[in-house]
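J.:
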Amino acid sequence: VDFAAIEKKWQDLWEKEGVFQVSVKKNKKKFFLTVPYPYTSGPLHIGHGRSYTIGDILARYYRMLGYNVLFPMAAHVSGTPVASISKRIEEGDKKTIQLYREYVSLYEKDPEKVKEILESFKKPENVANFFAERIKNDLKLLGCSIDWRRFFRTNERYYNRFVEWQFKKLNSKGLLKQGSYPILYCLSCENAVGEDDIKGGDEIKASVMELQLIKFELEEEEGTYLVASTLRAETIFGVTNLWVNPKDELVKIQIESEKWLVSEASLIKLEKQGRDFKVLEKVQARGLIGKYVKSPIEGRKLLILPADFVDPDFGTGVVYSVPSHAPYDWVALREFRENKTYEEYGIPEDEVLNIAPISLIRVPNFGEHPAIEICEKMGIRSQKETEKLEEATQTLYREEYYNGILKEICGQFAGMKVAEAKEEVFKFLEQRGLATRMYEVSALEKPVRCRCGGKVIVAVLKDQWFLDYKRKEWKELARRCLSKMKIVPEVYRKVFEDTIEWLHERPCARKRGLGTRLPFDRRWMIESLSDSTIYMAFYTIIHLLRKHNIDPERLDEDFFDFIFLNKGELVDVAEKLEVRKEVLNKIKEEFEYWYPVDLRHTGTAHLQNHLTFYIFHHAAIFPEKYWPRAISLNEMLISEGRKMSKSYGNVIPLVELPKEFSIDAFRLYIGYAADLKSTLDFRRKELESLHPKLEKLLNLIKNSKKGKFKKTIVVKKFLSRFYKNLKIAREVMESLSIRDYIQLVFFNNFQEVSYLERRVEKEDLPKIIGFVAEDWLKMLAPVMPHLAEELWHQLGHKSFISLEKIPTKVEKYFDEEAELAESIVEEVNEDLRELRKLVKIENPRKAYLIVAEEWKYKLIDEAINEFKEKGKVNWSTLAEKFRGKDMGSIIKKFRDLSKLPKKVISRNLELKALREAKSFLEKEHKLKIEILKEEECKLEKAKKALPMKPAILIE
Ligand SMILES: [Zn+2]
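Under the numbering used here, the first residue of the sequence shown is numbered 160, with each subsequent residue one higher.
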């Protein structure tokens, strides 16, 4: 089957006929569904494909439930990423050029053209425009049912005007501020950076952390300090020595009236964090080893010693040692002693052996020196075992932070909890000029680099613009908005709640990049995560602005206030805009009809930034009736067991998919292979294995016919199960369980069909399939729309199945009796197979199926009724009633009431089911079947017959 041809055909037809273009239909319920617009720095791949596929399945499903569904899309080009691509291409960066040559070649085969396009990429707008168009293409070939008239790019004038309005609103509400807060900053771009600008930004979770710097005065040089960085100032009471990295070069700087010794790498951070200093001279760290400093509080003499674990790039490149509570310090000290490294530096042995760990924190479950204990327990022997050391450090830190109490040795801080003392001790030192703060980058993976390749540090800029997510009133609005929203899967609600709490001032503008300038400070460009928070509102009107050729420069605050906030007078706004009142009214109507967003679907990577901002900004700007209603999320996609990466060769661009796979199979696979809250491990082989199933479906329905067929018990059972699956599938979709939906509608119903194929006569099958084909296709259409359209037309329809309604009144096919009756046949079939193995008769020729006597049905029926009514069965009363019958075996069998069937069918129906199945059973087991009634049969075995469980005898 040429799947690709079928797909192309329907994608073209949908577009040509404008099937998914929607507008206001006042008497029809609307459903507005969005998936975040993609970023235009390259082609979309299967990783992106997961969210878009799920989004489209949902859009199609709601459409076929009868909603007027708006599913729009746009292209995000704002910010610095696209600009840095251009810059690197312009600079002739080989890696970038090679990468983009590959990207462009996915869409363009002529090498001359590729060259031309690459050349044009020196302008950022051209990168953005090229990929904006290709992304459209990528989503079309996934079969996405998008209203493309509403497509836009975020650097269009119309969009600029909209974002300007948004920022004016935020500013007037006091939610924007200019100030000096620590931010992540790229040294090469000289710009604030966020998740979007950082390499692997969504995964490495870079953030700003605060370090405490503590000054240790050199004994022989008054006024000169070795400045150590720490996260735990309270441990100063247990300091035994200082560590420097012997390979490092330190720098002596004049800072106010003091001289500091710090690593060279820390200078740029101090500078960008607003420190004023002068570089005096370079000092080899090696030369300081063996000298003394004074501890800041007690003035104890401390040796300066070498340690390899000290990272010059972290903080000041100097640390102080607390071997009793810090695993790294203990291991370094021990190594220093054991390897006799002190000899190399000419430090007297007894000085080194005199260094004794000082215990200063009491913590439950640990003795005097917790760090020594934990290192021994984990068998850590060397500074090189960084993974274990990190784990030990984290464990101990947590334990001490929450449960630790400062000991007597800590003077006025004795008895204080570590959690409090950390800040108190620091303040004490700070007030005496012995400590100060510095900021450092915290991340799950280091080093942290900008997409441009530049190093990311923490800077404090003077006039940086921030969104003030810390504002109490704003947080309160966001909490309220979230509390009214549906979150699917619900487990993610807690993450949203936590994110709302910890979000603080966030830089929202950059000095470069594409997008929209801050309307009241035009030196600044609004960054990409800040210009994409309420743009869903813009989808509702953009096509009309274009259609009526409205001048973007006229779209001022009054216009947007009128459309989105219902402020101002129609006449005035229309006049200013120079459009007819009807046109303006129509624009307003579109917004008011479609808003709010009913469902926003995306990957969990967006939860802690984009989606939370989405909530914040809607709550700040729009009245409550326009706040978003629901968010659904899916986990990430990995490929062939590992994270997707070019170097593993496991990235498949969407544009390549049709070469190898059916898109419908891909969609089916994406929807089925994992539930929303699990990572999907994309396996090429598993996806391929769906192709034969699709071909079979195609053949079944192609060969189906209209016409009468025998309504035997097995057919009634088939219809009952088939339609029950459809009904349950609709129920599971209420919680967006696409995976269960596909299981029921596709896989379970396929199984029902396979059974039917064996059970009914050849000429009946196509007619039975013909009977269910339309309903089946309608239920499958949201998942496999191309094949569904193709088959729908082969069944003779002229309409698009995408616009049909999925079947609702399916209960009329439910037939419990038929299901029970056929279950007897299925069991007999199984029993025969088992029995044949057991009895070991060579070539058995005949089997007797013996149906129980009539009174047994009555007895069981009464027992069931009594059990339902009273929760128990009085067998002796029943025995009285059925006096003279041999009830022993029945009572024995059903003494455990859980074995009692829920319902018993009549003996006649059982007989009918078995008779109808006779030739099937004969064929399956290659023997003659005879069906007898218990009373007609003299065999001892016959007495074992029970209702719905005929006795079986083989000879
Ligand atoms: Zn950069």
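Even for Gly, the Cβ is constructed at its ideal location relative to N, Cα and C.
Bear in mind that the values here come from a model prediction, so they are computed numbers and not experimental data.
Report all residues for which the CB-ligand distance to some heavy atom of ligand 1 is below 5 Å; order them along the chain.
T.: In chain order, the qualifying residues are 345, 347, 348, 609, 611 and 613.
J.: Look up residue 777 in the DSSP assignment and say whether it is helix, strand or coil.
T.: Residue 777 sits at position 618 when you count from the first residue of the sequence shown. Looking at residue 777 - three-state DSSP - the assignment turns out to be helix.
J.: Report the rounded CA-to-CA distance for residue 549 versus residue 243, giving the unit in angstroms.
T.: In the sequence shown, counting from the first residue as 1, residue 549 sits at position 390. In the sequence shown, counting from the first residue as 1, residue 243 sits at position 84. Spanning the two alpha carbons is a distance of roughly 35 Å.
J.: Expressed to the nearest angstrom, what Euclidean distance is found between the alpha-carbon atoms of residue 979 and residue 825?
T.: Within the sequence shown, the letter at position 820 stands for residue 979. Within the sequence shown, the letter at position 666 stands for residue 825. For residue 979 and residue 825, the distance between alpha carbons rounds to 37 Å.
J.: Just to confirm, is the Cβ distance from residue 883 to residue 969 under 9 Å?
T.: Along the sequence shown, read from residue 1 onward, the residue named residue 883 stands at position 724. Along the sequence shown, read from residue 1 onward, the residue named residue 969 stands at position 810. For residue 883 and residue 969, yes; Cβs fall inside 9 Å.
J.: Between which residues of its own chain and residue 188 is the CB-CB distance below 8 Å, once the five residues before and five after are set aside?
T.: Along the sequence shown, read from residue 1 onward, the residue named residue 188 stands at position 29. So the list reads 225, 226 and 227, once near-sequence residues are dropped.
J.: Ordered along the chain, which non-local residues of its own chain (more than five positions away) have a Cβ less than 6 Å from that of residue 877?
T.: As a first step, residue 877 must be located in the sequence shown, where it is residue number 718. Closer than 6 Å at the Cβ level, and outside the excluded window around residue 877, lie 911 and 915.
J.: Report yes or no: do three or more beta-carbon pairs, one from the region 469-478 and one from the region 391-406, lie closer than 8 Å?
T.: At 8 Å Cβ cutoff, the stretches touch.
J.: Whole beta strand (DSSP E) runs in the region 836-874 with 3 or more residues, listed along the chain?
T.: The qualifying runs are 839-841.
J.: Going along the chain, which unbroken runs of the alpha helix (DSSP H) with 4 or more residues stay wholly within the region 406-488?
T.: As far as the region 406-488 is concerned, its whole alpha helix (DSSP H) runs of at least 4 residues are 424-431 and 444-447.
J.: For residue 1098, count neighbouring C-beta atoms within 10 Å of its own C-beta (all shown protein chains included) and say buried if the count is 16 or more, exposed if not.
T.: As a working note, residue 1098 is residue 939 in the sequence shown. Looking at its Cβ environment, which holds fewer than 16 other Cβ atoms inside 10 Å, residue 1098 is exposed.
J.: What is the DSSP secondary structure of residue 952, counted as helix, strand or coil?
T.: Here residue 952 refers to the residue found at position 793 when the sequence shown is read from its first residue. Residue 952: helix per DSSP, three-state reduction.
J.: Is it buried or exposed, residue 945, if we count other Cβ atoms within 10 angstroms and call 16 or more buried?
T.: Against the sequence shown, residue 945 aligns to sequence position 786. So residue 945 counts as buried.
J.: Please determine, among 540, 459 and 472, the residue with the shortest C-alpha to C-alpha distance to residue 487.
T.: Here residue 487 is taken as the residue at index 328 of the sequence shown, counted from 1. The shortest Cα separation from residue 487 among 540, 459 and 472 belongs to 540.
J.: Buried or exposed: residue 393, going by 16 or more other Cβ atoms within 10 Å of its Cβ?
T.: As a first step, residue 393 is located in the sequence shown; it is residue number 234 there, counting from the start. It is buried - the Cβ of residue 393 has at least 16 other Cβ atoms within 10 Å.
J.: Tell me whether residue 807 is buried or exposed, calling it buried when 16 or more other Cβ atoms sit within 10 Å of its Cβ.
T.: Sequence index remark: in the sequence shown, residue 807 carries index 648 (1-based). Residue 807 should be labelled exposed.
J.: What would DSSP say about residue 640, mapped onto helix, strand or coil?
T.: Taking the first residue of the sequence shown as position 1, residue 640 is located at position 481. Correct three-state label for residue 640: helix.
J.: Does DSSP classify residue 599 as helix, strand or coil?
T.: Position 440 of the sequence shown, counting from 1, holds the residue named residue 599. Three-state result, residue 599: strand.
J.: Where does residue 386 sit, in a helix, a strand or coil, going by DSSP?
T.: Numbered from 1 along the sequence shown, position 227 holds the residue referred to as residue 386. DSSP places residue 386 in strand when its eight states are reduced to three.
J.: Going by other Cβ atoms of all chains shown within 10 Å of its Cβ, with 16 needed for buried, is residue 700 buried or exposed?
T.: Looking up residue 700 in the sequence shown gives position 541. Under this definition residue 700 is a buried residue.
J.: Can you check which of these residues, 1074, 991 and 677, is closest to residue 1085 by C-alpha distance?
T.: By 1-based counting over the sequence shown, the position of residue 1085 is 926. Here the closest residue by C-alpha is 991.
J.: What are the complete beta strand (DSSP E) segments, minimum 3 residues, inside the region 530-559?
T.: For the region 530-559, not a single whole beta strand (DSSP E) run of length 3 or above is found.
J.: What do you reckon, are the CB atoms on residue 779 and residue 636 nearer than 9 Å?
T.: Within the sequence shown, residue 779 is the residue found at index 620, counting from 1. Within the sequence shown, residue 636 is the residue found at index 477, counting from 1. Going by C-beta atoms, residue 779 is nearer than 9 Å to residue 636.
J.: Go ahead and label residue 251 buried or exposed: buried means 16 or more other beta carbons lie within 10 angstroms of its beta carbon, across all protein chains shown.
T.: The residue labelled residue 251 in the question sits at position 92 within the sequence shown. Residue 251 is exposed by the Cβ-count criterion.
J.: Put residue 761 into one of helix, strand or coil per three-state DSSP.
T.: Position 602 of the sequence shown, counted from the first residue, corresponds to residue 761. In the structure shown, residue 761 sits in a strand (DSSP, three-state: E or B).
J.: Write down every uninterrupted run of the beta strand (DSSP E) in the region 1039-1097 whose length is 3 residues or greater and which is fully enclosed by it, in chain order.
T.: For the region 1039-1097, whole beta strand (DSSP E) runs of length 3 or above, ordered along the chain, are 1087-1092.
J.: Just confirm the distance between the C-beta atoms of residue 531 and residue 455, as a whole number of angstroms; I'd bet it's less than 8 Å.
T.: As a first step, residue 531 is located in the sequence shown; it is residue number 372 there, counting from the start. As a first step, residue 455 is located in the sequence shown; it is residue number 296 there, counting from the start. Going by Cβ atoms, the distance from residue 531 to residue 455 rounds to 25 Å, so no, they are not a contact pair.
J.: Measure the CB-CB distance between residue 602 and residue 365 and report whether it falls below 9 Å.
T.: Walking along the sequence shown from the start, residue 602 turns up at place 443. Walking along the sequence shown from the start, residue 365 turns up at place 206. Against a cut-off of 9 Å, the Cβ pair of residue 365 and residue 602 comes out as a contact.
J.: Under the three-state reduction of DSSP, which class applies to residue 341: helix, strand or coil?
T.: Your numbering for residue 341 matches position 182 in the sequence shown. Residue 341: strand per DSSP, three-state reduction.
J.: Where residue 670 and residue 960 are concerned, what is the direct C-alpha to C-alpha distance, given to the nearest angstrom?
T.: Numbered from its first residue, the sequence shown carries residue 670 at position 511. Numbered from its first residue, the sequence shown carries residue 960 at position 801. Each residue's alpha carbon lies about 50 Å from the other.
J.: Grab me the residues of residue 180's own chain with a C-beta within less than 7 Å of its C-beta, minus the 5 sequence neighbours each way, in chain order.
T.: Mapped onto the sequence shown, residue 180 falls at position 21. Answer for residue 180: 306 and 308, listed in chain order.
J.: Can you tell me which of 433, 1024 and 852 puts its alpha carbon nearest to the alpha carbon of residue 821?
T.: Counting from 1 along the sequence shown, the entry for residue 821 is found at position 662. Among 433, 1024 and 852, the Cα nearest to that of residue 821 is on 852.
J.: Would you mind sorting residue 545 into buried or exposed? The rule is 16 or more other CB atoms within 10 Å of its CB.
T.: One-based indexing of the sequence shown puts residue 545 at position 386. By the neighbour-count rule (16 or more Cβ atoms within 10 Å), residue 545 is not buried but exposed.
J.: For the putative contact between residue 219 and residue 331, defined by C-beta atoms under 8 Å, what is the C-beta separation to the nearest angstrom?
T.: For the purposes of this step, residue 219 is taken as residue 60 along the sequence shown, with counting starting at 1. For the purposes of this step, residue 331 is taken as residue 172 along the sequence shown, with counting starting at 1. The Cβ separation is near 41 Å, so there is no contact.
J.: Could you tell me the boundaries of the alpha helix (DSSP H) in which residue 665 lies?
T.: Against the sequence shown, residue 665 aligns to sequence position 506. Careful: residue 665 lies outside any alpha helix (DSSP H), inside the beta strand (DSSP E) at 664-666.
J.: Are residue 170 and residue 300 closer than 9 Å when you measure CB to CB?
T.: Within the sequence shown, numbered from 1, the residue matching residue 170 stands at position 11. Within the sequence shown, numbered from 1, the residue matching residue 300 stands at position 141. Going by C-beta atoms, residue 170 is nearer than 9 Å to residue 300.
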